[in-house]
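S.K.:
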Amino acid sequence: MNDRAFLSESIRLSNTDFRRLSTFIYDTFGIYLPEKKHYLLQNRLLSRLQKLGYTSFSDYADFVLKQGEHGDEAFAMMDAVSTNKTEFFREKKHFEFLKKELLPHYFGQYIKVWSAGCSSGEEVYSLAMLLNEEKQAGHISNFVVYGNDISKNILEKAVKAIYPYRAVASIPPEYRKKYLLRSRNKDNQTIRIVPELRAKTNFVWENLVGNRDTIPTGLQFVFCRNTLIYFDKETQNKVVSRLLKHLAPKGYLILGHSESLINNMPKGLKMVYPTVYQKET
Ligand SMILES: C[S@@+](CC[C@H](N)C(=O)[O-])C[C@H]1O[C@@H](n2cnc3c(N)ncnc32)[C@H](O)[C@@H]1O
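Mapping of the sequence shown onto this note's numbering: position 245 corresponds to residue 1100, and the numbering continues sequentially without gaps.
1) How should N987 be labelled, buried or exposed, when 16 other C-beta atoms within 10 angstroms of its C-beta is the threshold for buried?
2) Can you tell me whether Y1034 is buried or exposed, with buried defined as 16 or more other CB within 10 angstroms of its CB?
3) Please confirm whether any heavy atom of ligand 2 lies closer than 8 Å to the CB of M933.
4) Check the C-beta distance from V1064 over to G885 and give it rounded, since I have them as a contact under 8 Å.
5) How many angstroms separate the CA atom of D858 from the CA atom of P1019?
6) Let's see if you can read the secondary structure: which residues bound the alpha helix (DSSP H) around V1014?
7) To which residues of the same chain is F861 closer than 7 Å at the C-beta, ignoring the five residues directly before and after it?
8) Which term fits Q897, buried or exposed, when burial requires 16 or more other beta carbons within 10 angstroms of its beta carbon?
9) How about F918: is its Cβ closer than 8 Å to a heavy atom in ligand 1?
10) Can you check DSSP and say which residues form a bridge with L986?
11) For C1079, write down the residues that DSSP places opposite it in a beta bridge.
12) Quick one: Cα of M856 to Cα of I866, how far?
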């Protein structure tokens, strides 16, 4: 066993430090880590400890908590802890529903969409591809897609818009030629979203449970998919009310396929399709 492996074998996250760190993560980012996530937290944070040269979680927890919620380590820790899984046209039924059922209500309009918890941008660019097609077909006049996330690393990737070649698999073939540039490097094949589409997007670093709130209001659509699942009920309620404030009357909130508000429906919202909700006024 090498020194690094030996070190990681011997470092354990105690119950006390698990509680200190998970409480800090909850208070700062809203992400709820129940006791069953103890080992997940330990494993995901080990690389941070090793990078910084700490040999105990207790010292690492002191360091993070001392820096506080605005400290660099709070964000580095979140980068290690958060789940950023995403892909182009993920849960593709939503895109079909948007095109066929929702967008026709907005004929000729300027469409503003927010992808809340956008990860590395695949959802934002999928929406931009679809909306650009609608614009070229003369169905909408123009559009912009906003994206936010708490992870600074992941947002940098979103802005760069460079993805491994395998990511094209979920992009409809008719969009690939139009919206993707292919790298010439044969050893490391990547794709990049074309500049015309990148220009229609706007990424901001914003914590959905924080005070910074810069996304415009009056949006027709808010996509918040596969993000609410990391929050407890109380935080979900707060985040949903925040999202609703940004929606125009009659605007739509779209959640992930495994997320539902059915048992916890906020006032002024009605379900129009599973996981698709409309603001009433
Ligand atoms: C699993 S990804 C979902 C990405 C995309 N919406 C999708 O469905 O494919 C969840 C994202 O939410 C972000 N996130 C978690 N808590 C957040 C918070 N408090 N504020 C902003 N973003 C957050 C994570 O960093 C992560 O990138």
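Even glycine gets a Cβ: it sits at the ideal position worked out from N, Cα and C.
M.R.: According to the structure shown:
1) Counting from one through the sequence shown, the residue named residue 987 turns up at place 132. Flag for N987 reads buried.
2) Taking the first residue of the sequence shown as position 1, residue 1034 is located at position 179. Y1034 comes out buried.
3) Ligand 2 is not part of this structure, which contains only ligand 1.
4) As a first step, residue 1064 must be located in the sequence shown, where it is residue number 209. As a first step, residue 885 must be located in the sequence shown, where it is residue number 30. So it is a contact: roughly 4 Å between Cβ atoms.
5) Within the sequence shown, residue 858 is the residue found at index 3, counting from 1. Within the sequence shown, residue 1019 is the residue found at index 164, counting from 1. Per-residue confidence for D858 stands at a pLDDT of 49, beneath the threshold of 50, marking its modelled position as unreliable; no derived number is given.
6) By one-based count along the sequence shown, residue 1014 stands at place 159. Note, V1014: alpha helix (DSSP H), K1007 to K1015.
7) Position 6 of the sequence shown, counting from 1, holds the residue named residue 861. In this predicted model, F861 has a pLDDT of only 48, less than 50, meaning its place in the structure is not dependable; the value taken from the coordinates is given anyway. Around F861: no qualifying Cβ.
8) Here residue 897 refers to the residue found at position 42 when the sequence shown is read from its first residue. Counting Cβ neighbours within 10 Å, Q897 comes out buried, since at least 16 surround it.
9) Against the sequence shown, residue 918 aligns to sequence position 63. No, Cβ of F918 sits at least 8 Å from all heavy atoms of ligand 1.
10) If you number the sequence shown from 1, residue 986 lands on position 131. L986 is not bridged to any residue.
11) Here residue 1079 is taken as the residue at index 224 of the sequence shown, counted from 1. For C1079, which the question treats as bridged, DSSP gives the partners L1110.
12) Locating residue 856 in the sequence shown gives position 1, where the first residue counts as 1. Locating residue 866 in the sequence shown gives position 11, where the first residue counts as 1. Legend: pLDDT at M856 = 46, less than 50; position of this residue unreliable, no value from coordinates given.
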